[in-house]
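Q: Same order as they appear, the protein sequences are chains A and B. Quick note: the first sequence uses the working numbering, first residue 1, plus one each step. Quick note: the second sequence uses the working numbering, first residue 197, plus one each step. Virtual Cβ for every residue (Gly too), placed ideally from N, Cα, C. This structure is a prediction, so every number in the text was calculated from the model and none was measured.
Number of protein chains: 2
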Amino acid sequence: MRAAERLFAEGGYDGTSIRAIVAKAKVNQAAINYHFDGKDGLYREVLRVAFRALTEHQLEHAEELKSMSREEALSQFIRRQVQPLLGRDEYSRHMRIFNWETVQPTTVFRNLVAEEAAPFLGLAADLVRRFIPDADQRTVTVAAIWLLGQCSVFVRNREQLAEPPVGLVLDEQAVEWLSATISNWVVSGLRPLRTN
Amino acid sequence: MRAAERLFAEGGYDGTSIRAIVAKAKVNQAAINYHFDGKDGLYREVLRVAFRALTEHQLEHAEELKSMSREEALSQFIRRQVQPLLGRDEYSRHMRIFNWETVQPTTVFRNLVAEEAAPFLGLAADLVRRFIPDADQRTVTVAAIWLLGQCSVFVRNREQLAEPPVGLVLDEQAVEWLSATISNWVVSGLRPLRTN
DNA sequence: CAGGAATTCAAACGCCGGTTTGAAAAGTGG
DNA sequence: CCACTTTTCAAACCGGCGTTTGAATTCCTG
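Below is the structure:
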């Protein structure tokens, strides 16, 4: 599972052969079929744990956010979202598997999202709702997705952004700055409901 | 080329076989090797035209933006960015090929970005600079990427967002509303340089 | 410790991928 | 029309893929 997670994160479903997985894990090739019912089954399992870990990463701190000011809460949320920028840890690996799916989602993934993404999206929606309490449902939902987009663009394109012409290298300090900057923009973006 | 573009957009590089392309284009299989020097070469060519078309789509209107107010200009830019939400046209197909590359960029793509993305990114940077004229270089660059992220999250996840639990269906009117809403948030987000 | 179930393993199978081949066809300039 | 180059084509080639097989080994229980 650990080997599979790493390789799937690196090369995606199609780009990862079970021969590569068994070589890395030092197990027999047929064992995957025996235990996981084929490559599909193994991938499904990896995807499940990755997805769970990702949403729980935010949800387990959901309670804390409620006791903060709306600005603080939003800032914390954003900090958590951009955290995978820091390194090749487990979290950023899960994020990468997740990213592979966004281009052409597997059925497994579709179901996972349909069934389990609601709490996470709800968390983001709650956060923005504190800024735009009078907005209708659709606006709040869009605002939540909008919020996620502002973080994910940096996470998703991390490697690309590190190269020319951008050359954005992010150490711990820079990530802190980035998250603060985004927070600032989001907060002042949402604060005035209508400006014109 | 046309057949290849469609299929590569649909299934990505690995997910598209030469045999599928030649079947759709009704040409002989060996012809691709003869004319394009293999699958790689064909893909490279498709990628090139897609990339050119994408950046030019924005750049050819760059001049007009300069004569507008900064709010109008930003709004126009955003409208163009979210336009592929509307349908399966050529532009959104190019966007999709582009998306495949963001997960694991080809060398070809890396070079294309390094060589030709600068003008496009510069356009976005110019737009935000009009709101934060005193900001340093890095802040402007980050703001430009941040701006792009707010649009791309809707474009990239269009199909996913149309399903539960979000259920965001976007007709022409809704896209207009979305682009106006994002513009509002971005504008008021950038307007006050510092709020705390 | 015996005996049956669960697990591991090396090898082989069938399939599909991109590429190569060498001959046939079409095009071109003298 | 002829020599020559360029382009098309069907077939074969080779490698990597996921899966299957059947025997060997390990594990567990009575």
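Which residues in chain B have a C-beta closer than 8 Å to the C-beta of Leu161 of chain A? List them in chain order.
A: Ile341
Q: Identify the contact partners of Pro360 of chain B in chain A, using a Cβ-Cβ distance below 7 Å as the criterion.
A: Going along chain A in sequence order, the residues near Pro360 of chain B (Cβ under 7 Å) are Ala114.
Q: Strictly below 7 Å CB to CB, what residues from chain A border Ser348 of chain B?
A: Here the neighbours are Gly149 and Val153.
Q: For Gly15 of chain A and Ala376 of chain B, I'd like the C-alpha separation in whole angstroms.
A: 40 Å
Q: Quick check: Phe98 of chain A and Leu54 of chain A, are their CB atoms within less than 8 Å of each other?
A: Cβ distance < 8 Å, so Phe98 of chain A and Leu54 of chain A count as in contact.
Q: Once you ignore the five residues that flank Val175 of chain A on each side, which residues in its own chain have a CB closer than 7 Å to its CB?
A: Val82, Leu85 and Leu86
Q: My guess is that Arg130 of chain A and Val140 of chain A are in contact by the Cβ rule of under 8 Å, so how many angstroms apart are they, rounded?
A: The beta-carbon separation of Arg130 of chain A and Val140 of chain A, rounded to 10 Å, does not stay under the 8 Å limit for a contact.
Q: Taking Arg96 of chain A as the reference, which of A:Asp136, A:Val155 and A:Lys24 has the closest Cα?
A: The candidate whose alpha carbon is nearest that of Arg96 of chain A is A:Val155.
Q: Roughly how far, in whole angstroms, is the beta-carbon of Leu243 of chain B from the beta-carbon of Trp185 of chain A, given that I think they are within contact range, below 8 Å?
A: Contact doesn't hold; Cβ gap of about 32 Å is too wide.
Q: Could you say if the stretch 342-349 of chain B and the stretch 144-161 of chain A meet the contact criterion of at least three C-beta pairs nearer than 8 Å?
A: Judged by pairs of C-beta atoms under 8 Å, the stretch 342-349 of chain B touches the stretch 144-161 of chain A, as three or more such pairs exist.
Q: Just reading off the alpha helix (DSSP H) that Arg138 of chain A is part of, what are its end residues?
A: Run containing Arg138 of chain A: Gln137 to Arg156, per the alpha helix (DSSP H) assignment.
Q: Name, going along the chain, the residues of the stretch 100-114 of chain A whose beta-carbon falls closer than 8 Å to a beta-carbon of chain B.
A: Trp100, Thr102, Val103, Gln104, Pro105, Arg110, Val113 and Ala114
Q: Determine, for Ser384 of chain B, whether the minimum Cβ-Cβ distance to residues of chain A falls below 8 Å.
A: yes
Q: Going by C-alpha to C-alpha distance, which of A:Ala118, A:Phe51, A:Ser17 and A:Tyr34 sits closest to Glu90 of chain A?
A: Of the candidates A:Ala118, A:Phe51, A:Ser17 and A:Tyr34, the one whose C-alpha sits nearest the C-alpha of Glu90 of chain A is A:Phe51.
Q: Can you look up Val27 of chain A in the DSSP assignment and give me helix, strand or coil?
A: coil
Q: In chain order, what residues of the same chain have a beta carbon less than 6 Å from the beta carbon of Glu267 of chain B, not counting five sequence neighbours either side?
A: Val383, listed in sequence order.
Q: For Arg19 of chain A and Arg93 of chain A, I'd like the C-alpha separation in whole angstroms.
A: 21 Å
Q: Note down, in chain order, each residue of its chain lying with its Cβ closer than 7 Å to the Cβ of Leu12 of chain A, except the 5 sequence neighbours on either side.
A: As written in the sequence, residue 12 of chain A is Gly, which differs from the Leu given in the question. So the list reads Trp100, once near-sequence residues are dropped.
Q: Which of the three DSSP states is assigned to Gln300 of chain B in this structure?
A: Secondary structure at Gln300 of chain B: coil, using DSSP grouped into helix, strand and coil.
Q: I want to verify the contact list: residues of chain B whose CB lies under 9 Å from the CB of Leu47 of chain A, in sequence order.
A: In chain order: nothing, as chain B lies at least about 15 Å away.
Q: Starting from Thr55 of chain A, follow the alpha helix (DSSP H) in both directions and report where the run begins and ends.
A: Where Thr55 of chain A is concerned, the enclosing alpha helix (DSSP H) stretches over Gly38 to Leu59.
Q: With a Cβ-Cβ cutoff of 8 Å, do Pro361 of chain B and Ala125 of chain A count as a contact?
A: no
Q: From A:Trp177, A:Leu74 and A:Ala114, pick the residue whose C-alpha is nearest to that of Gln356 of chain B; which is it?
A: Sorting A:Trp177, A:Leu74 and A:Ala114 by C-alpha distance to the C-alpha of Gln356 of chain B places A:Ala114 at the top.
Q: So for Ile328 of chain B, helix, strand or coil by DSSP?
A: coil
Q: Flag Arg79 of chain A as yes if its beta-carbon sits less than 8 Å from any beta-carbon of chain B, otherwise no.
A: no
Q: Beta-carbon of Val278 of chain B versus every beta-carbon of chain A: anything under 8 Å?
A: no
Q: Out of curiosity, what's the CA-to-CA distance linking Ile182 of chain A and Gln300 of chain B?
A: 26 Å
Q: Identify whether Leu366 of chain B lies in helix, strand or coil by the three-state DSSP scheme.
A: coil
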